[in-house]
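All remarks here apply to the structure that follows.
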Amino acid sequence: MSAILPLDSQSTDAIETLLDAAFGPDRHGRTAYLIRDGMPWLPALSFAVMDDNGELIGSLQSWPVALTREDGSQIPLIMVGPVAVAPAHQKGGHGRAMMDAVVAAARAQRCEPLMMIGDPEYYGRFWGFTAEGTAGWDCPGPFEARRLLALSVDGRPISGTGMLSPRIAVTA
């Protein structure tokens, strides 16, 4: 029986090893990495899956990002992903369980809209992610517009025009 735990219960080395196994060591050049460059992942919205032996077999990270408008103002968003499952444990529902956990936690926190680069048929069917409202969004690397997805967790509309980027800290 696998267990879902907070991702910050795992070592950085274990997480990186899992990500390399799931996506390859060249994963750092992907567009998603450019969008969240330099940002720390959010512990309250990041999860791990452990197998019966206490081994890390899945991880899901969430990141503070933003839609940066032409005038420099930002619309805060939370980027979900990567959703990684060790190759030997894929197709066992672990990724889906972590997605259930992040969507439930985001709804409970009534946080900013979630966004991701993913398969609209899969993420739309199970959690309601859609490309509706993201047509004006751009990315700092290659992407397919139909795979740029968002989900409002509190009913706020999703829209806007700009470039997805790391979130700038706001000081009072």
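First residue of the sequence shown? That's 1 in the UniProt record's numbering, and the numbers climb one at a time after it.
Ideal placement from N, C-alpha and C gives every residue a C-beta, glycine not left out.
{"Asked": "How many angstroms separate the CA atom of Phe-129 from the CA atom of Ala-48?", "Found": "22 Å"}
{"Asked": "With distances taken from CA atoms, which of Arg-30, Ile-15, Phe-23 is nearest Gly-141?", "Found": "Arg-30"}
{"Asked": "Using the three-state DSSP reduction, which class does Gln-10 fall into: helix, strand or coil?", "Found": "coil"}
{"Asked": "Give, in chain order, every unbroken run of the alpha helix (DSSP H) that is at least 4 residues long and sits entirely within the UniProt domain \"N-acetyltransferase\" (2-150).", "Found": "12-23, 31-35, 94-109, 120-127"}
{"Asked": "Evaluate Met-167 with the Cβ neighbour count: other Cβ atoms within 10 Å of its Cβ, from every protein chain shown; 16 or more gives buried, anything less gives exposed.", "Found": "Note on identity: in this sequence residue 167 is Arg, with Met being the wrong assignment. Its Cβ being crowded by 16 or more others within 10 Å, Arg-167 is buried."}
{"Asked": "By the 10 Å Cβ neighbour count, where 16 or more other Cβ atoms means buried, how is Lys-91 classified, buried or exposed?", "Found": "exposed"}
{"Asked": "Name the residue from Gly-136, Arg-110, Leu-151 whose alpha carbon lies nearest to the alpha carbon of Phe-126.", "Found": "Leu-151"}
{"Asked": "With a threshold of 8 Å on Cβ separation, who are the neighbours of Asp-13 within its own chain once the five nearest residues in sequence on each side are excluded?", "Found": "none"}
{"Asked": "Have a look at Met-116, His-94, Trp-137, Val-83 and flag the residue whose alpha-carbon is nearest the alpha-carbon of Leu-149.", "Found": "Met-116"}
{"Asked": "Give me the Cα-Cα distance between Ala-145 and Arg-156, rounded to the nearest whole angstrom.", "Found": "21 Å"}
{"Asked": "Leu-164 by DSSP, collapsed to three states: which one?", "Found": "strand"}
{"Asked": "Counting only the same chain and skipping the five closest in sequence on each side, list residues whose C-beta sits under 7 Å from that of Arg-110.", "Found": "Val-153, Asp-154"}
{"Asked": "Under a Cβ-count criterion, where at least 16 other Cβ atoms within 10 Å of its own Cβ denotes burial, should Ala-3 be classed as buried or exposed?", "Found": "exposed"}
{"Asked": "Inspect the beta-carbon positions of Leu-77 and Val-65 and report whether they are closer than 9 Å.", "Found": "yes"}
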